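S.K.: In this note's numbering, the protein residues as written are 14 to 463. For each residue, glycine too, the CB sits at the ideal point set by N, CA and C. No experiment lies behind these values; they were computed from the predicted model shown. Structure below; questions to follow.
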Amino acid sequence: MKKHTLLFLGLFSSLLQTNAQSGSTLYGVVRKNYYSMVQTPFDSIWIEQLDSSTVRLGELNLNTGVVNNIGNKSYKESVNLTGAALNPFDNSFVLIGANAINTFSLNTGLLVSNPQLNNPIAQSYFDNFRFNHSDSTLYGLARRVIYNPTTMSYTGQVFLSKVNTTSGVITQISPSSVAQGFALAGSAIDPFQMVFYFSTGSRLLGLDLYNGTVFSNVAIQIPNGGIFDNFTYSCVDNTLYGLVRRNYFSYKPNPLFPSDSIEELDSSTVRLAKINPSNGQVTIISPSTVTQGGYSLNAGSAVDPNSFNFFYNPGGRIIGVSLITGLKTIDQPLSLANGDYFDLMRNFENCKTASAKRLSSGEILSTPNKSAKIDLTLYPNPSSEFVEINSSEQLSSISLFDIKGQSLLSVQPQSSKYKLAVFNLLPGIYFVECKGKSGSSNIQKLIRIP
């Protein structure tokens, strides 16, 4: 019992340290483009031509919109804008450019290492990558294009893979290709279930991080249509959040071919939403559009577990949206001293304390005496008034703790159900420990909202 108590308090201590970090900062890449004017050879029109780009790390103050440079050095580097990773354990930020995997220090902004990417199986790209907090590994998609000289056609291949940031070696995990490509919709990792998610546009695929096989493959179902993208995983409530975009068009006659018409984009709406990865059902959270127009997929998205906000960049601004109400909470113009764009936003705290709950088959076989957990549900969670606790067996005790590990409540329900009042608690994160008659137990996070 003493050991259990120490482990339990250690969990709270770790989470307390995480929440002590500033929740008002996002990290990302400050990018500046350099152009020259060139004259087209056929019609002598002067156009802008991109010559080069520089990148450096930056930190965004969500309260002011100011992006401060980290360190004084910038790098002349192209950037693969499909993926990035923030490692909170060694304070590093990882991005890919010019077929090299570049690791930057979050403390100094300096480039620490940049080995060339190398896939021993066959040459490939490494896209859509994310950092998995539960095993400190960078996972992404090894992508290659295969040409068939007989049919003179191209076929895409995609494999779940991981990369060693020190050596640049890509290790393919999937035994065979899982898709022909992916949509520029983002990617996400569920560190508890050990699943990597990406979109093909019409479908959401989940890949098993242990063996690279398809864990789930569902059609994305959006009420009244639209596009679901720019998604990310929230560890505070174990949910995949993203944006549903709806485009509205009109048609006008083609001046060159009057019998034809041209489709013209009139407007777009953007709403916060969440998706159930087991069935593809998308739930719209925002009651109305958060912003007009689109958003920058290059900027990515991020969830702040302390303020329960989802952040995205519609171009030159940072927008915060409540995970609970779907309403806009922050709308700040971005101020960059030495850049034009703020890309690949990542949050320092989201998922930092996550650990794998779903074990690999080998781990399950090697731990036959591991004590079982009660099947436990808390609903609704988050909540502002009451939470219904339902257990798979009769409960001998229910204990409620705050983030510091201080006991706030202890009851003996002698039942598999209990209605817990939370209206008298301050908004924040709490933990519910339930013990069953058989001696098994379970600890779950409870969120009290205003």
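Cutting at 6 Å between CB atoms, please list the residues of its own chain near Asn93, excluding the five before and the five after it.
M.R.: Ile109
S.K.: Excluding the 5 residues flanking Leu173 on each side, which residues of the same chain have their C-beta closer than 7 Å to its C-beta?
M.R.: Within the same chain, Tyr152, Leu154, Ile186, Ser187, Val191, Phe209, Leu220 and Gly225 come within 7 Å of Leu173 by CB-CB distance, once the 5 residues on both sides are set aside.
S.K.: Which of the three DSSP states is assigned to Ile462 in this structure?
M.R.: Of the three classes helix, strand and coil, the one that applies to Ile462 here is coil, per DSSP.
S.K.: What residues in its chain sit with their C-beta under 8 Å from that of Ile159, if we drop five residues either side in the sequence?
M.R.: Tyr167, Thr168, Gly169 and Gln170
S.K.: Pull up the distance between the alpha-carbon of Ser409 and that of Asn403, whole angstroms please.
M.R.: Between Ser409 and Asn403, the C-alpha separation is close to 13 Å.
S.K.: DSSP three-state label for Val249, please.
M.R.: Residue state, collapsed to three classes: coil.
S.K.: Going straight from the alpha carbon of Gln427 to that of Phe436, what length do you get?
M.R.: 23 Å
S.K.: Based on the DSSP output, what are the partners of Asp221 in its beta bridges?
M.R.: The partner list for Asp221 (beta bridge, DSSP) reads Val208.
S.K.: Where does Ala98 land, buried or exposed, given buried means 16+ other C-beta within 10 angstroms?
M.R.: buried
S.K.: Given that a residue counts as buried once 16 or more other Cβ atoms are within 10 Å of its Cβ, and exposed if not, what is Leu378?
M.R.: Residue confidence is low: Leu378 scores 46 on pLDDT, short of 50, so the model does not pin down where it sits. Its coordinate-derived value is still stated next. Around the beta carbon of Leu378, fewer than 16 other beta carbons sit within 10 angstroms, so the residue counts as exposed.
S.K.: Below 6 Å CB to CB, which residues in the same chain sit around Tyr354 once its five sequence neighbours on both sides are set aside?
M.R.: Shown here for Tyr354: same chain residues with a beta carbon closer than 6 Å to its own, the five before and five after excluded, namely Arg44 in chain order.
S.K.: Is Ala315 helix, strand or coil by DSSP?
M.R.: Note: Ala315 maps to strand in three-state DSSP.
S.K.: Since Gln185 is in the beta strand (DSSP E), which residue starts that stretch and which ends it?
M.R.: Ile183 to Gln185
S.K.: Can you list, in chain order, the residues of its chain whose CB lies under 6 Å from that of Ser454, leaving out five sequence neighbours each side?
M.R.: Correct list, in chain order: Lys448.
S.K.: May I have the straight-line CA-CA distance separating Gln457 from Tyr392, to the nearest angstrom?
M.R.: Taking the straight line joining both Cα atoms gives about 12 Å.
S.K.: If you compare alpha carbons, which of Lys370, Ser57 and Leu63 is closest to Ser49?
M.R.: Leu63
S.K.: So Ser397 and Ile462 are supposed to be a Cβ contact under 8 Å. How far apart are they, rounded?
M.R.: 5 Å
S.K.: So Leu336 packs on Tyr254, CB below 8 Å; how close in whole Å?
M.R.: 7 Å
S.K.: Taking the beta strand (DSSP E) that Asn115 belongs to, which residues open and close that run?
M.R.: Ala113 to Ser118
S.K.: Which ranges does the beta strand (DSSP E) cover as unbroken runs of at least 3 residues, wholly within the segment 105 to 180, from first to last along the chain?
M.R.: Correct list: 105 to 110, 113 to 118, 124 to 126, 138 to 145, 150 to 161 and 166 to 176.
S.K.: Figure out for me which residue from Phe142, Ser412 and Gly333 has the closest Cα to the Cα of Asn76.
M.R.: Gly333
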